[in-house]
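Colleague: Quick note, our numbering runs 577 ahead of the 1-based positions in the sequence shown.
The beta-carbon is built from N, C-alpha and C at its ideal position, and this holds for glycine as well.
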Amino acid sequence: MRNAGTCRRDAKGEAQAGSPCKSLSTDARHRGGVVRSREEGPVMGLDRRGDVARQDEADNRQREDLSRHAKPFDISKREVWEAYKKVKANRGAAGVDRQTIEEFDSRLADNLYKLWNRLASGSYQPPPVRRVEIPKAGGGVRPLGRPTVADRVAQMVVKQRLEPQLEPRFHPDSYGYRPGRSAHQAVAMARVRCWQYDWVLDLDIKGFFDSIDHALLMKAIRHHTKCRVTLLYIERWLRAPVSLADGTTQPRDAGTPQGGVISPLLANLFLHYVFDEWMRRTYPGVPFERYADDVVCHCRTMAEAEALKAALEQRMAQFSLALHPQKTKVVYCRDDNRRERFSVHQFDFLGFCFRPRFARSRTGTVFVSFLPAISRKAAKAIRQTVRRWRLHCRHTVELPDLAQEINPVLKGWLQYYGRFYRSALYAVFDSLDQYPVRWVRRKYKRLKDKVTRARELVVKIRHQRPGLFAHWILAQNGGQ
578 MRNAGTCRRD AKGEAQAGSP CKSLSTDARH RGGVVRSREE GPVMGLDRRG
628 DVARQDEADN RQREDLSRHA KPFDISKREV WEAYKKVKAN RGAAGVDRQT
678 IEEFDSRLAD NLYKLWNRLA SGSYQPPPVR RVEIPKAGGG VRPLGRPTVA
728 DRVAQMVVKQ RLEPQLEPRF HPDSYGYRPG RSAHQAVAMA RVRCWQYDWV
778 LDLDIKGFFD SIDHALLMKA IRHHTKCRVT LLYIERWLRA PVSLADGTTQ
828 PRDAGTPQGG VISPLLANLF LHYVFDEWMR RTYPGVPFER YADDVVCHCR
878 TMAEAEALKA ALEQRMAQFS LALHPQKTKV VYCRDDNRRE RFSVHQFDFL
928 GFCFRPRFAR SRTGTVFVSF LPAISRKAAK AIRQTVRRWR LHCRHTVELP
978 DLAQEINPVL KGWLQYYGRF YRSALYAVFD SLDQYPVRWV RRKYKRLKDK
1028 VTRARELVVK IRHQRPGLFA HWILAQNGGQ
């Protein structure tokens, strides 16, 4: 007679319907174990814990080891899974295949397995990088490269391997695209040093991302890693052609696409040797802040700044780079204590304009200091973005729904540009209030031709619900 406590399993080892073990919990949390997400197991071939009985972990690890040893490159499925999660969190636009992250997710298991299989076998070939041109606030366009979703995951796999080896080597005043560092830190340090040093050399490297020498970059990478898979795929990404808007492809013999996952890390490594280390050896008394290819150097005299500019022009030329002749400039940090006559006394850095501004001391005394605030270019870009939203035309939507939709963007602007000299945002966001007024005039026919009454209604709503739009809090808090 069969023991009632014995479960019945089919040929695959699954518990059959009606079997006593079907009701037994195998949830890891009841055993004090680590709980995996429901998605992780079935996607990467790892055993799920919970409502599905787990397989023997030793067997699972053995299969994984055999699978990996059968490939020429030691890339685990977990590396691909972790890379995918980071790519998904960062979102991003579609690449040359026009596949969105949602479409990639619709066949997630197949897509990730194919990617892992090709990466581990060495057969992965990056597709062309889709080039798009983004208008600059000051005119012109910025070319960006948009890899496919799968290619972004592949780049993230290699980045996760290479970044820990490079991070400890980088200069402490390199702030761009590094863990634990931010643009705000770079701006804050520049502000302090502008108080300490009278002169600034504002650098702009012309077309930097498109001008990186591949041979020199690979030489720098080989200096830090011997990992075959890292070297193989970085070389392939550097050579990947560019897909243009007209459908044609263009070969690339220099540069790394601005917009790729691994490009900022490669750019930092290149400038680490071209600029950071050279400055440390040649000009140890000249501090700087570098955020990718945006650089500010601090000098004690105008002569020192001019000499540094000339030396950097020669240095950049040695590596097929060039300083932008119009955008690279020497700036005098003028304030109440520094009153020399000089034509240039302002510069832009990471969306902030540094120039003489009124400030108030703790005792209430008003004086002139050299401070950062939102730049004209950044303010213009915000106004243009809001104008493209055409909020006044969406009168079929209720005002709270409209606010809920745009508030995340408004909060992002406030958090970034409001970090320094917050009151400079008043003028930028005051112009935004015209759109609720125009929305009211379209929403309510009786107010169509009554601008004053429509404005009064918006003011009333603002008093009743001061937090409806994120920027309304700015005025309520006095810009603090």
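Is it buried or exposed, Leu821, if we count other Cβ atoms within 10 angstroms and call 16 or more buried?
Modeller: Label assigned to Leu821: exposed.
Colleague: Would Arg723 and Gly836 be called neighbours here (beta carbons separated by less than 7 Å)?
Modeller: Yes; because the gap between Cβ atoms is below 7 Å, this pair is in contact.
Colleague: Between the C-alpha atoms of Gly1044 and Phe1006, what's the straight-line distance to the nearest angstrom?
Modeller: Distance between the alpha carbons of Gly1044 and Phe1006 is about 14 Å.
Colleague: Could you tell me the alpha carbon to alpha carbon distance between Thr677 and Arg746, rounded to whole angstroms?
Modeller: The alpha-carbon atoms of Thr677 and Arg746 are separated by roughly 36 Å.
Colleague: Have a look at Pro756 and Ala731 and give me their C-alpha separation to the nearest angstrom.
Modeller: If I take the Cα positions, the gap works out to 20 Å.
Colleague: Have a look at Val943, Tyr701, Ser897 and Ser683 and flag the residue whose alpha-carbon is nearest the alpha-carbon of Asp912.
Modeller: Selected option, being the one with the closest Cα: Val943.
Colleague: Note the first and the last residue of the continuous beta strand (DSSP E) segment covering Arg708.
Modeller: Here the beta strand (DSSP E) through Arg708 covers Val706 to Pro712.
Colleague: In this structure, does DSSP put Val851 in helix, strand or coil?
Modeller: Of the three classes helix, strand and coil, the one that applies to Val851 here is helix, per DSSP.
Colleague: Report the three-state DSSP secondary structure of Leu643 (helix, strand or coil).
Modeller: Summary for Leu643: the model assigns pLDDT 49, below 50, so the residue's position carries little reliability; its value from the coordinates is reported in the next sentence. Correct three-state label for Leu643: helix.
Colleague: Beta-carbon within less than 6 Å of Leu976's beta-carbon, same chain only, minus the 5 sequence neighbours each way: which residues are those?
Modeller: Hits under 6 Å: none found.
Colleague: Does Asp628 come out as helix, strand or coil in the three-state DSSP assignment?
Modeller: Low local confidence applies: a pLDDT of 46 at Asp628 is under 50, so the model's placement there is unreliable, and no value is given.
Colleague: Check whether the segment 877-886 touches the segment 790-797, counting contact only when three or more Cβ pairs, one atom from each stretch, lie closer than 8 Å.
Modeller: With a cut-off of 8 Å, the segment 790-797 and the segment 877-886 do not count as touching, because too few Cβ pairs lie within range.
Colleague: Assuming contact is defined by CB atoms lying nearer than 7 Å, are Ala1001 and Ala950 in contact in what I supplied?
Modeller: Their beta carbons are under 7 Å apart, which means Ala1001 touches Ala950 by this criterion.
Colleague: Count the CB pairs spanning the segment 731-740 and the segment 651-660 that are closer than 8 Å, and state whether there are at least three.
Modeller: Judged by Cβ distances under 8 Å, the segment 731-740 makes contact with the segment 651-660, as three or more pairs qualify.
Colleague: May I ask you to report which of helix, strand or coil DSSP gives Asp779?
Modeller: Strand, per DSSP.
Colleague: Under 7 Å, do Ser788 and Ala817 count as touching if we go by C-beta distance?
Modeller: No, they are not a contact pair.
Colleague: Quick check on DSSP: helix, strand or coil for Ala887?
Modeller: It is helical.
Colleague: Does DSSP put Val611 in a helix, a strand or coil?
Modeller: Residue placement at Val611 is flagged as unreliable, the pLDDT there being 47, under the threshold of 50; the coordinate-derived value follows with that caveat. Val611: coil per DSSP, three-state reduction.
Colleague: Straight-line CA distance for Leu692 to Leu809?
Modeller: Using only the alpha carbons, I get a separation of about 16 Å.
Colleague: Check Ala950 in the structure and name its three-state DSSP category.
Modeller: Looking at Ala950 - three-state DSSP - the assignment turns out to be strand.
Colleague: By how many angstroms is the C-alpha of Gln1011 removed from the C-alpha of Leu968?
Modeller: Approximately 10 Å between the Cα atoms of the pair.
Colleague: What are the start and end residues of the alpha helix (DSSP H) that includes His801?
Modeller: His791 to His801 is the extent of the alpha helix (DSSP H) around His801.
Colleague: Buried or exposed: Cys970, going by 16 or more other Cβ atoms within 10 Å of its Cβ?
Modeller: Exposed.
Colleague: Does the distance from the CB of Pro864 to the CB of Arg770 come in under 7 Å?
Modeller: Against a cut-off of 7 Å, the Cβ pair of Arg770 and Pro864 comes out as a contact.
Colleague: Give me whichever residues DSSP pairs with Pro720 in a beta bridge.
Modeller: In DSSP, Pro720 forms a bridge with Glu710.
Colleague: Quick one: Cα of Tyr994 to Cα of Lys648, how far?
Modeller: Rounded to the nearest angstrom, the two C-alpha atoms are 49 Å apart.
Colleague: Put Phe924 into one of helix, strand or coil per three-state DSSP.
Modeller: In this structure, Phe924 counts as strand in the three-state DSSP scheme.
Colleague: Might you give, ordered along the chain, the residues of its own chain that have their beta carbon closer than 6 Å to the beta carbon of Asp775, omitting 5 neighbours on each side?
Modeller: Same-chain partners within the cutoff: Cys910 and Arg915.
Colleague: Check for me: the beta strand (DSSP E) holding Val907 runs from which residue to which?
Modeller: Val907 -> beta strand (DSSP E) spans Lys906 to Tyr909.
Colleague: Between the alpha carbons of Leu842 and Gln891, how many angstroms are there, rounded?
Modeller: Each residue's Cα considered, the two are about 25 Å apart.
Colleague: Hey, would you say Ile974 sits closer than 7 Å to Leu1009, going by beta carbons?
Modeller: Note that residue 974 corresponds to Val in the displayed sequence, not to Ile. It is not a contact, given that the beta carbons lie outside the stated cut-off.
Colleague: I need the straight-line Cα distance from Arg799 to Tyr754, nearest angstrom please.
Modeller: Those two C-alpha atoms are separated by around 21 Å.
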